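Numbering (my numbering), first residue to last: 532 to 651.
Cβ atoms here follow ideal geometry from the backbone N, Cα and C, with glycine treated the same way.
Since the model is a prediction, treat every value here as computed from it, not as a measurement.
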């Protein structure tokens, strides 16, 4: 029985989120991409995503609690956090996210990271 490769992007509707979606569609291993406006709507979904990509801006100042909720619900899911600066970086490390990327990352780096997470 094969598991469907599902990725959830948690970010406010924007060009940034649409760009992430477009980049993810270029990765053939991904079978389903879900766009969620906030953590609550992502957590309400059925199934277990393989990768969750979180724009730190959706946490509205509660990044640690947001990441803790995600990791509690899906402990084996790979978690990528997209951040703006150093203060968020410290929180992401404490929350034990799998990786973080500073916004403005090169598209090729993003795709390579996703492919690496999917193959591990």
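Item                                                                                                   : Value
Residues that DSSP places opposite residue 563 in a beta bridge                                        : 537
Burial state of residue 539, where buried means 16 or more other Cβ atoms lie within 10 Å              : buried
Under 8 Å between C-beta atoms of residue 504 and residue 615                                          : Given a span of 532 to 651 for the chain in the structure shown, any question on residue 504 remains unanswerable.
Residue 611 - containing beta strand (DSSP E), residue span                                            : 609-614
The segment 573-588 in contact with the segment 597-605 per 3-pair CB rule at 8 Å                      : yes
Proximal residues to residue 620 (C-beta, below 7 Å), its chain only, five neighbours per side dropped : 614 and 631
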